[in-house]
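Under my numbering, the first residue of the sequence shown carries the number 834, and numbering increases by one thereafter.
A virtual CB, placed ideally from N, CA and C, is assigned to each residue, including glycine.
This structure is a prediction, so every number in the text was calculated from the model and none was measured.
Written out below as structure tokens is the structure these notes cover.
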Amino acid sequence: MRTLLITVAYDGTDYAGFQIQLNGNTIQEEIEKALHKLTGVKIRITGSGRTDAGVHASGQAISFDTESTHEPATFLRALNAMLPRDIAVLSSEEAPQGFNARFCATGKTYAYRIWTHPVRPVFERRYVNDLGQTLDVAAMQTAAAALVGTHDFAAFCAAGSAVKSTVRTIRRSVVEEKGKIVEIVLEADGFLYNMVRIISGTLIEVGMGRMPSNCLETALTSLNRSEAGPTAPPQGLCLQEVYFSRANGQLIARK
């Protein structure tokens, strides 16, 4: 038995999320079907995280165990030949025994994109939150800076989450204006359920002048979900990159 790590990009628009569900097509289902065709056996994959319906990825990390003797490059070529056109395998490599894309990840970067032009985004519509109005980017930048560091993000976690700890460390929190798009980029050692979308929704409220620039600090201190803004729509969100520990370029099977 061996373990492989693949990096995958996908357009999440037409999927009911990453994880297999009883109703609705999912990214996991499509990849596992392709692996079954390639190897002749059922293989269960593990993603670094479970993106919701409509959320995209340009660097989702997925691990799986297999007895197949195919080279990593063969997996890459074969999977890309079998998968739908809105899912692509970007890389494939050997991983050590015990490696798990979820539990061995040391961090992730997400980006949330907001369309601020009054004319709707015909070609970008799948990948942005179509707000259609300008934002106070400077106020958003001031607010976002308060997130950097280790904090209890209970106020930015969806209700009902069963996570043991809501403490996370945000390494980077930036807001950038790129023409008609405002982009929020967050890098952290991990994220809570809906954390990026709640932070983004709160920053949008700041940008629209509906909440003050210090509202994120207030929410962090309160640990109360009601102190944060609304959960932003899924289509603006993209999982950009997942990080792992390496030694001499080789993956390490620990966090």
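With contacts defined as CB atoms closer than 7 Å, G1069 and E1038 fail to qualify as a contacting pair. Note on geometry: alpha-carbon atoms of T983 and A976 lie some 16 Å from one another. Excluding five sequence positions before and after E926, the CB atoms of its chain that fall closer than 6 Å to its own CB belong to L838 and P905, given in chain order. A distance below 7 Å between beta-carbons, with the five flanking residues on each side excluded, links G1042 to the following residues of its chain, in chain order: D969. Counted as a single uninterrupted DSSP element, the alpha helix (DSSP H) harbouring Q861 occupies residues I860 to T872. With contacts defined as CB atoms closer than 7 Å, I895 and V841 qualify as a contacting pair. Assignment of G850 by DSSP, reduced to helix, strand and coil, places it in the coil class. For C1071, the enclosing beta strand (DSSP E) covers residues L1070 to F1077. Going by DSSP, G1040 is part of the alpha helix (DSSP H) stretching over M1028 to G1040. Segment contact: the stretch 910 to 919 against the stretch 867 to 884, three or more CB-CB distances shorter than 8 Å; contact assigned.
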